[in-house]
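A.B. asks: There's a structure below that I have some questions on.
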Amino acid sequence: QTKKAVKEIRKAVIPPPRIVIDECAFLKLYYYTKSAWGEVGGLLQTNYKKREYFIENVWLIEQDAGMAHQTLKPSALGKFIIHMAREDPNVLKKIHGWWHTHGKGDVFWSSQDRETMRGLKAYFRDYLVTVVMNKRNEMLFRIERGDTVFDNVEYTIRGRKREELCKKEVKEKVKGSVF
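Every position in the sequence shown, counted from 1, becomes a number in our numbering once 2 is added.
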């Protein structure tokens, strides 16, 4: 009982963390979600500093998927780990997250999602970042650090250069009147 009360006090006193997602990682999530006919998922390359958790990259791994499920193939996961251990061990150290979609469905943490997160948290130990997204571009972020869980974490996109360049080009080249 006391342990639960301490957790609640910490949440009330300590400002919640936030997610900062790299623009390229965000676009990969968007296009993977848009391109898949059902659910799809993969791993997140993350980092953190103080209360900010950075999603630096998104990895798509071979998987079995359907309209209401997605499972990474263990053999493909093993190949990914071996490849990264050889090619860039620093990236492998930053894999602390899981992303997946709910296709056209709502974004929420299903019982299968919670089971997957429990397993990943046990593996990653210190922290886990999780994202669920759908084809309506709705996103839900979660951070688990130690015994503390932060749901519905706010996010910002870092490096919105492409968006700003497109806005600028439209402003320069598209002329017309408003009706």
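Just so you know, even glycine gets a beta-carbon here, dropped at the ideal spot from N, CA and C.
Are the CB atoms of K145 and I23 nearer to each other than 8 Å?
C.D. replies: Residue identity differs from the one stated: residue 145 is Ile in this sequence, not Lys. Against a cut-off of 8 Å, the Cβ pair of I23 and I145 comes out as no contact.
A.B. asks: Is it true that the CB of A38 sits closer than 8 Å to the CB of T103?
C.D. replies: yes
A.B. asks: Can you tell me which of the three DSSP states A67 falls into?
C.D. replies: strand
A.B. asks: So which of F143, K175, K169, K177 has the shortest CA-CA distance to E54?
C.D. replies: F143
A.B. asks: May I ask which residues mark the beginning and end of the beta strand (DSSP E) holding G121?
C.D. replies: Unbroken run through G121 is the alpha helix (DSSP H), 113 to 126; no beta strand (DSSP E).
A.B. asks: Going by Cα to Cα distance, which pick from A7, T118, V93, K5 is closest to W101?
C.D. replies: T118
A.B. asks: Give the straight-line distance between the Cα atoms of L45 and D115, rounded to the nearest whole angstrom.
C.D. replies: 14 Å
A.B. asks: For F143, name the three-state secondary structure that DSSP assigns.
C.D. replies: strand
A.B. asks: Give me the DSSP bridge partner(s) of D153.
C.D. replies: R144
A.B. asks: Would you grab the beta carbon distance between K106 and T35 for me? Rounded to a whole angstrom, and I think it's under 8 Å.
C.D. replies: Not confirmed; about 10 Å, so no contact.
A.B. asks: State the start and end residues of the unbroken alpha helix (DSSP H) segment that holds G178.
C.D. replies: According to the DSSP assignment, G178 belongs to no alpha helix (DSSP H), since it is labelled neither H nor E.
A.B. asks: Closest to P18 by C-alpha separation, out of T132, C168, Y157, K177, would be which residue?
C.D. replies: Y157
A.B. asks: Between the Cα of R127 and those of T150, M141, N139, V109, spot the shortest distance and give me the residue it belongs to.
C.D. replies: Ranking T150, M141, N139, V109 by Cα distance to R127 puts T150 first.
A.B. asks: Does the distance from the CB of K30 to the CB of V60 come in under 8 Å?
C.D. replies: yes
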